[in-house]
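What follows is one structure encoded as structure tokens, with my remarks underneath.
In this note's numbering, the protein residues as written are 30 to 397.
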């Protein structure tokens, strides 16, 4: 960032500059399949809004399918895509967004199979009218709504349904991209190539705001003949592009993607140890360094330790204990998320999980 500021601190986004060109080329090498063109944004929410605009322009359709257990950003368009309770206070009614269920239904119910979930998705597509649906946006591995890892066959089935009905598959990799799951992008685990992919957070490690929308040739070709109505003053900012190039260089030189994969296996063992020791730990999930603990009152009924979109005194006490011991992590509803830095080592992981171990003693007191 410092070197770039000394060379070129700002340039009109309609002009070319070296960091943007180099970053676009580098992302084309890293992105799944034939995704080889990128539009830069200020962050993840804006990237998702542009992804939706592109899908609507290219298909000439207006509806977007999203999932209830999702978060796609806080701007007006992105929050309409969002399915979780953060949408409620911002709901504008007829936004053209249709929400569907995903395979997960909470700790008290079994996860749907890919076949069951895809059957429901296709029924929704048919009832809404395939010719009205421009895109289906989803987080390949859902983030703040539970680190929800899709059953094998689900993403492949979504890809097939989108192809069959002419719908753009949009993957929101704002949280899951850039090594978080042990792959550059989460979709790589299932060898699926979306039509449009969005990214932010890990793109610059959040040193400078930057997001991006990656598109396949069939999307890019549309804009060879049609105007792309987009762009803001700070898009493709030289300092942000330089930060992204430096971040990617660090990922590669320090093998952070591989480290996330290796430390992810270590983290699984910590999860298993906590579940064996603490009756309050009902479920655990993780992929790479993307993990979660679901706390319950009773393992037989799997009643969560806090209600959906709520909290409880035990969960408040657990969160306070973590903070008091010097560990900050996302505690939401009845869950504790375990998403450490990609550069973490075994000793640091052990230190963090020792703190969680002690905090869970509080949760155990609430178990029936």
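Backbone N, C-alpha and C fix where the C-beta goes; we use that ideal spot for every residue, glycine too. Please read these numbers as outputs of a predicted model, since none were measured by experiment.
Classify residue 337 as helix, strand or coil using the three-state DSSP reduction.
One-based indexing of the chain shown puts residue 337 at position 308. Three-state result, residue 337: coil.
Between 108, 125, 123, which lies nearest to residue 117 when the distance is taken from Cα to Cα?
The residue labelled residue 117 in the question sits at position 88 within the chain shown. Per the Cα distances, 108.
Under 9 Å between C-beta atoms, does residue 254 make it to chain D?
Judged by its chain identifiers, the structure shown contains no chain D, having just a single protein chain.
Within the same chain, show all residues whose beta-carbon is closer than 6 Å to that of residue 60, passing over the 5 residues directly before and after it, in chain order.
Position 31 of the chain shown, counted from the first residue, corresponds to residue 60. Excluding residues within five positions, the ones whose Cβ falls inside 6 Å are 243.
Where are the alpha helix (DSSP H) runs, 4 residues long or more, that stay fully inside the region 274-333, in chain order?
Runs of the alpha helix (DSSP H) inside the region 274-333: 285-306.
Per the contact definition of three or more C-beta pairs closer than 8 Å, is the region 238-252 in contact with the region 66-76?
The region 66-76 is in contact with the region 238-252.
How many whole angstroms separate the CB atoms of residue 84 and residue 228, which I take to be in contact at a CB cut-off of 8 Å?
Taking the chain shown and counting its residues from 1, the one referred to as residue 84 is at position 55. Taking the chain shown and counting its residues from 1, the one referred to as residue 228 is at position 199. Between residue 228 and residue 84 the Cβ distance is about 16 Å, and since that is not below 8 Å, they are no contact.
Express the C-alpha separation of residue 120 and residue 283 in angstroms, rounding to a whole number.
For the purposes of this step, residue 283 is identified with residue 254 of the chain shown, where counting begins at 1. For the purposes of this step, residue 120 is identified with residue 91 of the chain shown, where counting begins at 1. The straight-line gap from Cα to Cα measures roughly 43 Å.
Looking at the structure shown, is residue 121 part of a helix, part of a strand, or coil, going by DSSP?
Position 92 of the chain shown, counting from 1, holds the residue named residue 121. Residue 121: coil per DSSP, three-state reduction.
Looking only at its chain, what residues have a beta carbon closer than 7 Å to the beta carbon of residue 21, apart from the 5 residues adjacent to it on each side?
Given that the chain is displayed from residue 30 to residue 397, the structure contains no residue 21 and the question cannot be resolved.
I believe residue 366 touches residue 321 by the beta-carbon criterion, under 8 Å. Please report the beta-carbon distance rounded to the nearest angstrom.
Within the chain shown, the letter at position 337 stands for residue 366. Within the chain shown, the letter at position 292 stands for residue 321. Contact flag correct, Cβ pair sits at about 5 Å.
Enumerate in chain order the residues of its own chain whose CB-to-CB distance from residue 359 is below 6 Å, with the five nearest sequence positions on each side excluded.
Start at 1 with the first residue of the chain shown, and residue 359 comes out as number 330. Taken in chain order, the residues that qualify are 366.
Would you tell me roughly how many angstroms separate the C-alpha atoms of residue 152 and residue 352, rounded to the nearest one?
Mapped onto the chain shown, residue 152 falls at position 123. Mapped onto the chain shown, residue 352 falls at position 323. For residue 152 and residue 352, the distance between alpha carbons rounds to 45 Å.
Quick check on the DSSP output: the alpha helix (DSSP H) that includes residue 393 runs from which residue to which?
Here the question's residue 393 lines up with position 364 in the chain shown. Note, residue 393: alpha helix (DSSP H), 375-393.
Helix, strand or coil: how does DSSP classify residue 186 here?
Here residue 186 refers to the residue found at position 157 when the chain shown is read from its first residue. Residue 186 falls in the helix class under three-state DSSP.
So what's residue 252 in DSSP terms, helix, strand or just coil?
In the chain shown, residue 252 corresponds to position 223, counting from 1. Residue 252 falls in the helix class under three-state DSSP.
Please list, in chain order, all residues of the same chain as residue 246 whose beta carbon is under 8 Å from its beta carbon, the five residues on each side excluded.
The residue given as residue 246 occupies position 217 in the chain shown. The residues are 63, 65, 66.
Quick check on the DSSP output: the alpha helix (DSSP H) that includes residue 347 runs from which residue to which?
As a position in the chain shown, residue 347 is number 318, starting the count at 1. Run containing residue 347: 342-353, per the alpha helix (DSSP H) assignment.
Give the straight-line distance between the Cα atoms of residue 88 and residue 82, rounded to the nearest whole angstrom.
Taking the first residue of the chain shown as position 1, residue 88 is located at position 59. Taking the first residue of the chain shown as position 1, residue 82 is located at position 53. Computed Cα separation, rounded: 10 Å.
For residue 223 and residue 375, what's the separation of their Cα atoms in angstroms?
Residue mapping note: residue 223 aligns to position 194 of the chain shown, counting from 1. Residue mapping note: residue 375 aligns to position 346 of the chain shown, counting from 1. Computed Cα separation, rounded: 34 Å.
Whose C-alpha, out of 235, 192, 179, is nearest the C-alpha of residue 216?
Looking up residue 216 in the chain shown gives position 187. Of the listed residues, the one whose Cα sits closest to residue 216 is 179.
Just list the beta strand (DSSP E) runs in the region 195-235, keeping only unbroken ones of 3 residues or longer that don't cross its boundaries, in chain order.
Runs found: 197-201, 225-228.
Give every residue of the same chain whose Cβ lies closer than 7 Å to the Cβ of residue 296, excluding the five residues on either side of it in the sequence, and list them in chain order.
The count along the chain shown starts at 1 and reaches residue 296 at position 267. Correct list, in chain order: 315, 318, 320, 367, 378.
Taking only the alpha-carbon atoms, compute the straight-line gap between residue 136 and residue 362 and give it to the nearest angstrom.
Working through the chain shown from its first residue, we reach residue 136 at position 107. Working through the chain shown from its first residue, we reach residue 362 at position 333. The straight-line gap from Cα to Cα measures roughly 12 Å.
Report the residue from 30, 221, 202, 267 whose alpha carbon sits nearest the alpha carbon of residue 53.
Within the chain shown, the letter at position 24 stands for residue 53. Residue 53 has its Cα closest to that of 267, out of 30, 221, 202, 267.
List the DSSP bridge partners of residue 108.
Reading the chain shown from its first residue, position 79 is the one you call residue 108. In the DSSP output, where bridge partners are listed per residue, residue 108 has none listed.
Going by DSSP, what residues sit across from residue 99 in a beta bridge?
Translated into positions along the chain shown, residue 99 becomes position 70. The partner list for residue 99 (beta bridge, DSSP) is empty, contrary to what the question assumes.
Quick check on residue 41: buried or exposed, where buried means 16 or more other Cβ atoms within 10 Å of its Cβ?
Along the chain shown, one-based indexing puts residue 41 at 12. By the neighbour-count rule (16 or more Cβ atoms within 10 Å), residue 41 is not buried but exposed.
If you draw a straight line from the alpha carbon of residue 70 to that of residue 260, how long is it in whole angstroms?
On the chain shown, position 41 is the one that residue 70 refers to. On the chain shown, position 231 is the one that residue 260 refers to. Their Cα atoms are separated by approximately 8 Å.
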